[in-house]
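Chains as they are written, first to last, in numbering that gives the first Met the number 0: chain B, 0 to 133; chain L, 0 to 133.
The next block holds one structure in the form of structure tokens; read it before the comments.
2 protein chains.
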Amino acid sequence: MTTAHELTKNQTLVFNTLSRADGPLSAYTILDQLRGDGFRAPLQVYRALEKLLDYGMVHRLESINAFVACAHPHNHSHSHGMTAFAICEKCGQVSEFSDDVITQRVRQWTTDNGFKQTKTTIEIRGVCAACGTA
Amino acid sequence: MTTAHELTKNQTLVFNTLSRADGPLSAYTILDQLRGDGFRAPLQVYRALEKLLDYGMVHRLESINAFVACAHPHNHSHSHGMTAFAICEKCGQVSEFSDDVITQRVRQWTTDNGFKQTKTTIEIRGVCAACGTA
DNA sequence: TCTCGATATGTGATGTTATTACATTAGTCA
DNA sequence: TGACTAATGTAATAACATCACATATCGAGA
Numbered sequence: 000m001t002t003a004h005e006l007t008k009n010q011t012l013v014f015n016t017l018s019r020a021d022g023p024l025s026a027y028t029i030l031d032q033l034r035g036d037g038f039r040a041p042l043q044v045y046r047a048l049e050k051l052l053d054y055g056m057v058h059r060l061e062s063i064n065a066f067v068a069c070a071h072p073h074n075h076s077h078s079h080g081m082t083a084f085a086i087c088e089k090c091g092q093v094s095e096f097s098d099d100v101i102t103q104r105v106r107q108w109t110t111d112n113g114f115k116q117t118k119t120t121i122e123i124r125g126v127c128a129a130c131g132t133a
Numbered sequence: 000m001t002t003a004h005e006l007t008k009n010q011t012l013v014f015n016t017l018s019r020a021d022g023p024l025s026a027y028t029i030l031d032q033l034r035g036d037g038f039r040a041p042l043q044v045y046r047a048l049e050k051l052l053d054y055g056m057v058h059r060l061e062s063i064n065a066f067v068a069c070a071h072p073h074n075h076s077h078s079h080g081m082t083a084f085a086i087c088e089k090c091g092q093v094s095e096f097s098d099d100v101i102t103q104r105v106r107q108w109t110t111d112n113g114f115k116q117t118k119t120t121i122e123i124r125g126v127c128a129a130c131g132t133a
């Protein structure tokens with residue numbers, strides 16, 4: 000299951016950019032950071048992101064149109080659980096967590112309602128502890 | 000508590016458009032539907048939506064950049080739990096529900112982590128019962 | 001080796017979503 | 001009236017994402 004994916008050149012560049020960043024980046028920010036490496040067009044970024052999302056190495060934050068490297072790189076122990084994100088609106092930091100009870104309750108609802116789930120987004124917006132006390 | 004908000008002309012037009020729709024609409028779709036009523040620019044829609052979101056009469060679906068009239072018109076009191084949405088990718092129908100356990104678990108995490116939550120998004124993408132059996 | 005097919009890449013144009021900036025209008029109230 | 005506030009009108013632009021088409025790269029057979 001946990002295959003180590005061979006990344007292509009562009010995928011590697013995009014993934015490294017996200018890994019080095021200390022918060023989520025938009026596709027266009029990634030593009031700008033990779034101009035020096037020959038990137039010229041948005042599609043180069045979006046295509047790489049698509050694969051990285053497939054591989055589970057990157058997450059998309061729907062509520063801010065941004066992307067972030069997965070916080071649990073080689074640990075897929077939570078891979079059948081849904082991942083939730085807490086996004087600080089002050090500093091931009093994202094905390095990733097997974098809660099079995101939430102996963103369970105969502106599954107409960109989908110089962111009860113015959114809904115075939117493909118992807119679930121859970122994003123909490125607010126102010127993180129560090130920014131809240133500052 | 001549940002104040003009936005006086006809606007302005009544009010807010011009323013936008014809200015009625017969303018209410019009549021049998022699924023979520025994008026801001027630009029709303030705009031097109033209201034051209035006959037004098038709407039000319041996106042901002043007219045976005046400004047109305049902003050207020051309607053404030054009033055809790057409309058929800059924004061982050062994962063599809065669209066808006067939908069609240070399914071529970073009367074008691075929109077914020078003290079109730081977080082609202083989750085199941086969005087069918089076949090027919091576009093949205094089911095709105097609220098789960099106390101999920102609300103509880105999210106609050107638990109935010110409390111434990113000193114995160115001051117302002118807004119939470121829970122969106123399930125997939126195929127609804129009707130489309131799944133069809 | 002050559003050719004085929006699959007995958008990856010390059011590039012410009014276009015489509016879609018959202019905001020900024022500034023002008024105008026309408027209602028409230030001292 | 002005048003001054004203040006909320007709502008509206010409009011153009012331009014910013015931000016996010018995809019389409020269409022050309023080219024390149026690489027591995028599996030003939």
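Think of the CB as a built atom: it goes at the ideal place given N, C-alpha and C, for glycine as much as any other residue.
Note that the structure is a prediction, hence the values are computed from the model and not measured.
Coil, strand or helix - residue i by DSSP
i	result
residue 33 of chain L	coil
residue 17 of chain L	helix
residue 120 of chain B	strand
residue 24 of chain B	strand
residue 0 of chain B	Residue placement at residue 0 of chain B is poorly supported in this model, since its pLDDT is 42, which falls under 50; the coordinates are not used for a value here.
residue 125 of chain L	strand
residue 115 of chain B	strand
Span of the alpha helix (DSSP H), counted from its first residue to its last, around residue i
i	result
residue 131 of chain B	128 to 132
residue 110 of chain L	99 to 111
Per DSSP, cross-strand counterpart(s) of residue i
i	result
residue 95 of chain B	B:84
residue 8 of chain L	Paired residues: none, contrary to the question.
For residue j and residue i, believed in contact at Cβ under 8 Å, the rounded distance
i	j	result
residue 48 of chain B	residue 38 of chain B	With 8 Å as the limit, residue 48 of chain B and residue 38 of chain B do not qualify as a contact, their Cβ atoms being about 12 Å apart.
residue 123 of chain B	residue 66 of chain B	About 18 Å; that fails the 8 Å criterion.
residue 109 of chain L	residue 116 of chain L	5 Å
residue 16 of chain B	residue 33 of chain B	6 Å
residue 121 of chain L	residue 86 of chain B	Not a contact, Cβ separation roughly 14 Å.
residue 41 of chain B	residue 20 of chain B	18 Å between Cβ atoms; not a contact.
residue 24 of chain L	residue 14 of chain L	In fact, because the Cβ distance is near 11 Å, the residues do not count as touching under 8 Å.
residue 54 of chain B	residue 4 of chain B	5 Å
residue 90 of chain B	residue 114 of chain L	Not confirmed; about 12 Å, so no contact.
residue 18 of chain B	residue 70 of chain B	Rounded, the Cβ-Cβ distance is 11 Å, inconsistent with contact.
residue 61 of chain B	residue 61 of chain L	4 Å
Proximity test, residue i beta-carbon vs the ligand ADP heavy atom, cut-off 6 Å
i	result
residue 26 of chain L	Among the components modelled here there is no ligand, and therefore nothing to report on the ligand ADP.
Open item on the list: Give the list of continuous alpha helix (DSSP H) stretches no shorter than 4 residues that lie fully inside the region 39 to 93 of chain B.
Closed with: 41 to 53
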